[in-house]
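UniProt numbering puts the first residue of the sequence shown at 1, with every later residue one more than the last.
One structure is given here, and the rest of the page talks about it.
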Amino acid sequence: MRLNNKRILSFVHHDFEDLELWYPILRLQEEGASVDLAGEKAGEVYKGKYGVPAAADLSFEEVDPSGYDALLVPGGWAPDKLRRFPKVIEIVKHMEEHHKPIGQICHAGWVLISAKILEGKKVTSTPGIKDDMENAGAEWLDEAVVVDGHLVSSRRPPDLPPYVKAFADVIAGDYERQ
Numbered sequence: 001m002r003l004n005n006k007r008i009l010s011f012v013h014h015d016f017e018d019l020e021l022w023y024p025i026l027r028l029q030e031e032g033a034s035v036d037l038a039g040e041k042a043g044e045v046y047k048g049k050y051g052v053p054a055a056a057d058l059s060f061e062e063v064d065p066s067g068y069d070a071l072l073v074p075g076g077w078a079p080d081k082l083r084r085f086p087k088v089i090e091i092v093k094h095m096e097e098h099h100k101p102i103g104q105i106c107h108a109g110w111v112l113i114s115a116k117i118l119e120g121k122k123v124t125s126t127p128g129i130k131d132d133m134e135n136a137g138a139e140w141l142d143e144a145v146v147v148d149g150h151l152v153s154s155r156r157p158p159d160l161p162p163y164v165k166a167f168a169d170v171i172a173g174d175y176e177r178q
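Here it is, written out as structure tokens:
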């Protein structure tokens with residue numbers, strides 16, 4: 001499996017988009033990666049928009065981003081909460097500075113906006129935050145998945161298959177521009 005020995009961090013908070021959290025996690029695990037969920041409190045069970053639970057393995061404060069190969073930021077309404085935690089912003093900035101893959105889908109772009117890492121990047125998101133992404137300096141594209149270096153972005157749940165494939169390809173070093 002091409003992602004053996006890869007450690008991926010995913011953020012979680014209440015009202016995450018259920019599919020945007022679990023589909024990528026399960027696919028990445030199928031590729032051999034281990035995925036840790038970080039939330040406000042270790043052990044807390046967070047509920048998705050449709051009621052699917054997810055328990056945090058560790059708190060944001062416990063995360064050492066240098067121990068991870070990639071970061072996954074799910075969408076839903078959780079990103080509006082996530083971006084308010086200084087440690088979340090610190091983790092995103094660390095991943096950006098070290099050019100580690102960052103995956104974001106739907107409203108997850110809000111977290112990257114708050115981390116101020118989108119200037120000059122090509123991205124996509126839910127059309128509802130297109131203006132926010134552009135105001136943060138990004139070039140917004142209406143495509144299922146956009147890869148700009150180590151940043152992989154996607155619009156919404158129907159785009160999950162090409163998004164997660166591209167994210168796994170970037171992590172594995174197998175991504176080739178179409």
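C-beta: ideal position from N, C-alpha, C; glycine also.
Same chain, Cβ closer than 6 Å to residue i, five either side skipped, listed in chain order
{"i": "A144", "result": "D159 and P162"}
{"i": "D36", "result": "L9 and D57"}
{"i": "residue 205", "result": "Since the first and last residues shown for the chain are 1 and 178, residue 205 lies out of range."}
{"i": "K41", "result": "S59"}
{"i": "V146", "result": "K122, V123, T124 and S153"}
{"i": "H94", "result": "P65"}
Burial state of residue i (16 or more Cβ within 10 Å)
{"i": "H99", "result": "exposed"}
{"i": "E119", "result": "exposed"}
{"i": "R83", "result": "buried"}
{"i": "G67", "result": "exposed"}
{"i": "P86", "result": "exposed"}
{"i": "G173", "result": "exposed"}
Nearest to residue i (by Cα), restricted to the options the options
{"i": "L71", "options": "V45, D142, F60 and A54", "result": "F60"}
{"i": "E30", "options": "K165, W140, E17 and I91", "result": "K165"}
{"i": "I129", "options": "L9, D174, V63 and C106", "result": "C106"}
{"i": "R156", "options": "P24, N5 and S114", "result": "P24"}
{"i": "G103", "options": "G120, E119, G67 and T124", "result": "T124"}
{"i": "H150", "options": "H14, K87 and V92", "result": "V92"}
{"i": "E20", "options": "A168, A172, A108 and F85", "result": "A108"}
Straight-line gap, residue i to residue j (C-alpha atoms, nearest Å)
{"i": "S153", "j": "E96", "result": "14 Å"}
{"i": "F11", "j": "D80", "result": "12 Å"}
{"i": "D148", "j": "P53", "result": "31 Å"}
{"i": "G32", "j": "S114", "result": "31 Å"}
{"i": "D18", "j": "L26", "result": "12 Å"}
{"i": "S127", "j": "W110", "result": "The displayed chain sequence assigns Pro, not Ser, to residue 127. Their backbone Cα atoms lie some 12 Å apart in a straight line."}
{"i": "Q178", "j": "N135", "result": "The predicted position of Q178 is uncertain, since its pLDDT is 47 and thus under 50; no value can be drawn from it."}
{"i": "E139", "j": "E90", "result": "23 Å"}
Expected contact under 8 Å - CB spacing of residue i and residue j to nearest Å
{"i": "G39", "j": "Y50", "result": "Not really, about 18 Å apart at Cβ, beyond 8 Å."}
{"i": "S34", "j": "R2", "result": "Contact doesn't hold; Cβ gap of about 14 Å is too wide."}
Other residues of its chain near residue i: CB distance less than 7 Å, five sequence neighbours each side excluded
{"i": "G43", "result": "A55 and A56"}
{"i": "G137", "result": "L118, E119 and G120"}
{"i": "D69", "result": "K6, R7, I8, K100 and I171"}
{"i": "H13", "result": "G39, E40, Y46, A78, K81 and L82"}
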